[in-house]
Amino acid sequence: MHQPIHQLISKVSISFLVPLLALDLGFILLHIAARITNLVPNQPQFLITQDGGYAEQFQYAKLLLIVLGLGLLAIRQRSQIFLTWTGIFLYILLDDALELHERWGGVLDRTWQLPMIGSLRGQDLGEILIFASVGIIFLLSLVWSYRTERHQANRRTSIHLFVLLLLLAVFGAVVDMAHMAVSAIASPLWLQRTFTILEDGGEMVVVSLIAAFLYRLVKSKAQPLSAPAPTPVYAEKQGIK
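If you want the numbering used here, it's the 1-based position in the sequence shown plus 296.
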């Protein structure tokens, strides 16, 4: 794991990442200032949690750039694995913008009358089931795409993207569930606000990392790849010896 992470860090465009992180930090500080000080008006659009707020619109823009970059790579490289990654991040963008897992989780809760488990409501359990179902579908698609991918460089890139996706899942799923648990037990307000910043701020930073990684990748793959030697799996499927 250490080697892929080291390679990943070396492939991030620092010149592209720094301004993204600066804006992320600015939105986080603006959120804190709006919540606990009188330095800026406590207006919803200044909060990183606000649907349609400034921070969320910036997040949508980054995700859209990621989708476009992956789509461009899929076309240039004629690569199924980049097409799969395009679908994954397109879903993430749509889920963020349209709250798909919240809506579908609510449908599951109302349809199946999901029980409470500890501090988790039926709605929360429905959202977890949606996360798990979508995750399994995308994971199977990635495994198939990885095994049939002919270019070793694209397979390595897929590993890097998977590491970044896991990091995004830590904030989007793990920290989110911890936040729900903390909110359910009437914890102090400062602790709930800390989890809010960890969850939403963490997602913002990871998406910036992915955008900077893909920016450098798209620049480095300006031309289509030449036909490589077939991988063992591909050769077996084609009957090549």
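For every residue, glycine included, the Cβ atom is placed at its ideal position computed from N, Cα and C.
Buried or exposed (CB count within 10 angstroms, at least 16 for buried), residue i
i           : result
residue 461 : buried
residue 355 : buried
residue 472 : buried
residue 523 : A caution first: residue 523 carries a pLDDT of 48, below 50, which makes its placement in the model unreliable, though a value can still be read off. Classification for residue 523: exposed.
residue 454 : buried
residue 391 : buried
residue 363 : buried
residue 420 : buried
residue 502 : buried
residue 365 : buried
residue 310 : exposed
residue 333 : exposed
residue 330 : buried
residue 516 : exposed
residue 435 : exposed
residue 424 : buried
residue 506 : buried
residue 410 : buried
residue 349 : buried
Cβ distance (whole Å) where residue i is taken to contact residue j below 8 angstroms
i           : j           : result
residue 397 : residue 426 : 5 angstroms
residue 513 : residue 369 : 7 angstroms
residue 367 : residue 380 : Contact flag wrong, Cβ pair sits at about 11 angstroms.
residue 326 : residue 342 : 5 angstroms
residue 387 : residue 430 : 7 angstroms
residue 452 : residue 442 : With 8 angstroms as the limit, residue 452 and residue 442 do not qualify as a contact, their Cβ atoms being about 10 angstroms apart.
residue 511 : residue 385 : Rounded, the Cβ-Cβ distance is 14 angstroms, inconsistent with contact.
7 angstroms Cβ shell around residue i - same chain, five flanking residues per side excluded
i           : result
residue 345 : 492 and 496
residue 321 : none
residue 437 : 380
residue 463 : 502
residue 481 : 415
residue 361 : 507
Same chain, Cβ closer than 6 angstroms to residue i, five either side skipped, listed in chain order
i           : result
residue 308 : 508 and 509
residue 504 : 316, 317 and 320
residue 405 : 418, 419 and 422
residue 323 : 344 and 351
residue 337 : none
residue 494 : 471
Contacts around residue i, its chain only, beta-carbon distance under 8 angstroms, and the 5 residues preceding and following it disregarded
i           : result
residue 488 : 475, 478 and 479
residue 339 : 330
residue 525 : Low confidence applies here, because residue 525 scores a pLDDT of 47, under 50, leaving its location unreliable; read the following figure in that light. Nothing listed; no residue qualifies.
residue 314 : none
Any non-hydrogen atom of the ligand GDP closer than 7 angstroms to residue i Cβ
i           : result
residue 361 : This structure lacks the ligand GDP; in fact it carries no ligand of any kind.
Touching or not, the segment 493-502 and the segment 462-480, by the rule of three or more beta carbon pairs under 8 angstroms? yes
So, does the segment 476-489 touch the segment 408-416, judging by three or more C-beta pairs under 8 angstroms? yes
With three or more C-beta pairs closer than 8 angstroms as the rule, is the segment 367-385 touching the segment 430-446? yes
At what residue ranges does the segment 453-530 contain a whole run of the beta strand (DSSP E), taking only runs of 3 or more? none
Those runs of the alpha helix (DSSP H) which lie wholly inside the segment 326-383 and span at least 4 residues: 350-373
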